[in-house]
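Everything below concerns the one structure shown next.
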Amino acid sequence: MNQLSLEEQRRLLEERGEIVFEKREGRVGLPPLPNVTGPVRTRMAPNPDFVLHLGSARAAILSHDYARMYNGQFILRFEDTDPRTKPPQLEYYKVIEEDLLWLGCRWDEKYYQSDRMELYYDIARQLIALGGAYVCLCPPEQFRSYIRAEKPCPDRNLPPEVHNERFDKMLSGEYGEGEAVLRIKTDLHYPNPAVRDWAGLRIIDTEKHPHPRTGSRYVVWPLYNFACAIDDHVMRITHIIRGKEHVTNEEKQRFLYQWMGWEYPTTIHHGRLGIEGVIMSKSKMLKGLKEGLYKSWDDPRLVTLAALRRRGFTPDAIRDLIYEVGIKPSDAMISWSKFCAINKKHVEPSAYRIFFVNNPLPLHIKWEHPMLQITIPFHPEHTKLGSRSFTIPAGNELSVFVDLNDLSLGDVVRLMGFINVKIVSISETRAEAVFHSKDVSEAKKQGARIIQWVPVHDHLSATVVMPDASERKGVIEPSVVKLGVSTVVQLVRFGFARIDSTAPVVLYYAHS
RNA sequence: GCCCCGGUCGUCUAGUUGGACAAGGAUCUCGGCCUUUCGAGCCGAGGAUCCCGGGUUCGAAUCCCGGCCGGGGCGCCA
13 MNQLSLEEQR RLLEERGEIV FEKREGRVGL PPLPNVTGPV RTRMAPNPDF
63 VLHLGSARAA ILSHDYARMY NGQFILRFED TDPRTKPPQL EYYKVIEEDL
113 LWLGCRWDEK YYQSDRMELY YDIARQLIAL GGAYVCLCPP EQFRSYIRAE
163 KPCPDRNLPP EVHNERFDKM LSGEYGEGEA VLRIKTDLHY PNPAVRDWAG
213 LRIIDTEKHP HPRTGSRYVV WPLYNFACAI DDHVMRITHI IRGKEHVTNE
263 EKQRFLYQWM GWEYPTTIHH GRLGIEGVIM SKSKMLKGLK EGLYKSWDDP
313 RLVTLAALRR RGFTPDAIRD LIYEVGIKPS DAMISWSKFC AINKKHVEPS
363 AYRIFFVNNP LPLHIKWEHP MLQITIPFHP EHTKLGSRSF TIPAGNELSV
413 FVDLNDLSLG DVVRLMGFIN VKIVSISETR AEAVFHSKDV SEAKKQGARI
463 IQWVPVHDHL SATVVMPDAS ERKGVIEPSV VKLGVSTVVQ LVRFGFARID
513 STAPVVLYYA HS
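Take a look at the structure:
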């Protein structure tokens, strides 16, 4: 038996019906969600201080798709509670919604934390009454030294009435920024000092830093853990899917849940997503934008969803990528080749093939010919995409633009879909050729390069904006105008790109 | 420094109640076929001492211990 090859052994076993060897495939779709007992409710909770990017897409797609997978609800919640250091901006609320819709993440409910201040104040009162929270007047430095020593600060053990009064004063504006903070009581001996008696609400001078939605109406603002903890409970979130930078926050929030007698949702903390050679940090992107390094948030060098969309990446490609990376807690560094290959799969079947010549040089071809109509399909296989025609007037010479780099003296080249010509001269400004033959088989026989071309009498100037924001100038066939803005094309032998504007003609390059 | 969490081809990932794993898929690289592309598709090849060292076991990528490396947190940011 063991003398047989592996294949033969398998075949024999399969014939006897003992074991069936299946070809193993990679995982398809998402793995099951843990702790599903009823309707699944998930949420996406962005701060509208910037647009969404590839990293944010991980939490968005996972949260949304799991909600759909279990016939639950997906909730959009704007976490806009810091008008001072992470000021929300009205336009970003809008763009985030557009980004989400584009990704195919339609929400069932939408909330703004800035609308829910009374709720946070109410829970704060309840916590004070429970002895679970106190208003701390210590300067931050001093508080930290108490906490590091696992000792209560002098305010901690004051009776609830005192804290109630102090909270009144916070609300009525009697304290300035930094003078008072409401803290949640935790175990003072908790191993991670960061968790001990964390801050829940603080004061922000909204006269100086007005909130874009509520102006100067509120001076007491919840911090992330306070607002988030309350909302996740009140909104009956069952599964929180977020980055692992939030694991300590779960530990903090669990103390609030304990005081309130609430049950903490199931959490999944996924690793961070990186893409080679690209900054994924929101603050760094914002900085570059402010310094004028980027013209706008959809600059091709950025991996914001807006920038990817502009280059012709599809939501399906992003979804595939996120599914592949999955929900594991380890970080992932994605290579561009991977991401581009995924996008190519989605875009290739519907990408119109058109001719763009990058370093255009007029090529004058000696050829006695009648008027000709050249028709070339937009896609070699998918005929439903139709075709376009070039009309060549009769004459004994004909001029087309070709890429200088495709020419060398004495070579035969094939103008794709048209004729074969032999190059007889090349200079800085022009090249000359003579008609050689018509058939593609002849071109093959000659080992001719098959190149794209644009008629001189029927061309448009075009700019292709590359991923590094540099620009490639050239000429393009006029059908680009009919195809229209936002169509994804394959510039033959150059790469995939999305039409960004048609007058002037500008395309954004996606990948080869 | 303190507290967490990770580590499977270059990259991403499957596999983790120990046994069908001589570790699967994708990307990548290289060849071939096909093709009016340097695209797509198809076929083949290359590439992983499953981070290292011990232990448990008939058997470990999988369980236990130690180490190394990497990441995150330690705002009155989210």
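Going by the working numbering, the first residue of the first sequence is number 13, and it counts up by one from there. Think of the CB as a built atom: it goes at the ideal place given N, C-alpha and C, for glycine as much as any other residue. All of these numbers come straight from a predicted model, not from anything done at the bench.
Given this structure, state the Cα-to-Cα distance separating residue i from residue j, to the nearest angstrom.
{"i": "F86", "j": "Y276", "result": "18 Å"}
{"i": "L285", "j": "H65", "result": "10 Å"}
{"i": "E186", "j": "A141", "result": "21 Å"}
{"i": "R510", "j": "K494", "result": "14 Å"}
{"i": "G338", "j": "A69", "result": "12 Å"}
{"i": "Y105", "j": "S498", "result": "23 Å"}
{"i": "W274", "j": "D244", "result": "11 Å"}
{"i": "K122", "j": "L42", "result": "25 Å"}
{"i": "C117", "j": "E103", "result": "19 Å"}
{"i": "N361", "j": "T475", "result": "Just to set this straight, residue 361 is Pro in the shown sequence, not Asn. When rounded, the distance between both Cα atoms is 24 Å."}
{"i": "H523", "j": "D470", "result": "27 Å"}
{"i": "G398", "j": "N47", "result": "51 Å"}
{"i": "P172", "j": "Y158", "result": "21 Å"}
{"i": "L235", "j": "Y335", "result": "32 Å"}
{"i": "K307", "j": "L301", "result": "7 Å"}
{"i": "S411", "j": "V487", "result": "14 Å"}
{"i": "N408", "j": "V492", "result": "29 Å"}
{"i": "H175", "j": "E288", "result": "51 Å"}
{"i": "I431", "j": "A455", "result": "9 Å"}
{"i": "R505", "j": "T403", "result": "22 Å"}
{"i": "V452", "j": "I462", "result": "9 Å"}
{"i": "I73", "j": "L115", "result": "8 Å"}
{"i": "P327", "j": "V433", "result": "43 Å"}
Using DSSP with H/G/I as helix, E/B as strand and the rest coil, what is residue i?
{"i": "V69", "result": "According to the sequence provided, residue 69 is Ala. The question's Val does not apply to it. In the structure shown, A69 sits in a helix (DSSP, three-state: H, G or I)."}
{"i": "H201", "result": "coil"}
{"i": "G38", "result": "Residue placement at G38 is poorly supported in this model, since its pLDDT is 48, which falls under 50; the coordinates are not used for a value here."}
{"i": "C352", "result": "helix"}
{"i": "E393", "result": "coil"}
{"i": "F90", "result": "strand"}
{"i": "M81", "result": "helix"}
{"i": "G121", "result": "As written in the sequence, residue 121 is Glu, which differs from the Gly given in the question. Three-state DSSP puts E121 in a strand."}
{"i": "C148", "result": "strand"}
{"i": "H251", "result": "strand"}
{"i": "R195", "result": "strand"}
{"i": "G29", "result": "Caution applies to G29, whose pLDDT of 36 falls short of 50 and renders its modelled position unreliable; the value that the coordinates give is listed next. Looking at G29 - three-state DSSP - the assignment turns out to be coil, as it is neither helix nor strand."}
{"i": "V500", "result": "strand"}
{"i": "Y158", "result": "helix"}
{"i": "S513", "result": "strand"}
{"i": "A522", "result": "strand"}
{"i": "A406", "result": "coil"}
{"i": "Q15", "result": "With a pLDDT of only 30 at Q15, under 50, the local geometry of the prediction cannot be trusted, and no value is derived from it."}
Figure out for me which residue from the options has the closest Cα to the Cα of residue i.
{"i": "V231", "options": "L194, F238, R214", "result": "R214"}
{"i": "R442", "options": "N371, P361, A474", "result": "N371"}
{"i": "A481", "options": "S513, Y520, N355", "result": "Y520"}
{"i": "G50", "options": "S157, H258, T278", "result": "T278"}
{"i": "I435", "options": "C117, V446, D94, E103", "result": "V446"}
{"i": "G373", "options": "C240, P467, S126, R426", "result": "The sequence given here places Leu at residue 373; Gly does not occur at that position. Measuring from the Cα of L373, the nearest candidate turns out to be P467."}
{"i": "A161", "options": "H251, V290, L200, T403", "result": "L200"}
{"i": "I253", "options": "Q464, P58, F62, T514", "result": "P58"}
{"i": "E444", "options": "V452, G459, S453, L419", "result": "L419"}
{"i": "D111", "options": "L317, V517, A515", "result": "L317"}
{"i": "I135", "options": "L45, D512, A241, G496", "result": "A241"}
{"i": "K485", "options": "V492, V477, S491", "result": "V477"}
{"i": "R331", "options": "W309, H358, A319, S342", "result": "H358"}
{"i": "T218", "options": "Y124, P100, K299, V424", "result": "P100"}
{"i": "L375", "options": "T54, E440, W309", "result": "E440"}
{"i": "M56", "options": "N417, M292, A71, G67", "result": "A71"}
{"i": "P95", "options": "E393, T250, T226", "result": "T226"}
Is residue i near the ligand GTP, going by C-beta to nearest heavy atom under 6 Å?
{"i": "V207", "result": "With respect to small molecules bound, the structure shown includes none, and the ligand GTP cannot be examined in it."}
Could you give the first and the last residue of the continuous beta strand (DSSP E) run that contains residue i?
{"i": "L375", "result": "372 to 381"}
{"i": "S453", "result": "Note, S453: premise wrong, no beta strand (DSSP E); alpha helix (DSSP H) at 452 to 458."}
{"i": "F325", "result": "Segment: none, F325 is in no beta strand (DSSP E) and carries neither H nor E."}
{"i": "R225", "result": "Looking at the DSSP string, R225 is not in any beta strand (DSSP E), and its letter there is neither H nor E."}
{"i": "Y276", "result": "Premise fails: Y276 is in no beta strand (DSSP E) and is neither H nor E."}
Following the continuous alpha helix (DSSP H) through residue i, name the residue where it begins and the one where it ends.
{"i": "K264", "result": "259 to 272"}
{"i": "I291", "result": "It is not in any alpha helix (DSSP H) - I291 carries neither H nor E in the DSSP assignment."}
{"i": "W114", "result": "102 to 114"}
{"i": "N176", "result": "172 to 183"}
{"i": "D61", "result": "Taken as a continuous stretch (DSSP letters only), D61 belongs to no alpha helix (DSSP H), as it is neither H nor E."}
{"i": "A206", "result": "First-last for A206: undefined, no H or E at that position."}
{"i": "F238", "result": "236 to 246"}
{"i": "L142", "result": "129 to 142"}
### Task
Kindly provide the ranges of any alpha helix (DSSP H) runs that are 4 or more residues long and lie completely inside the segment 420 to 493, ordered along the chain.
The segment 420 to 493 is shown to contain whole alpha helix (DSSP H) runs of 4 or more residues at 452 to 458, in chain order.
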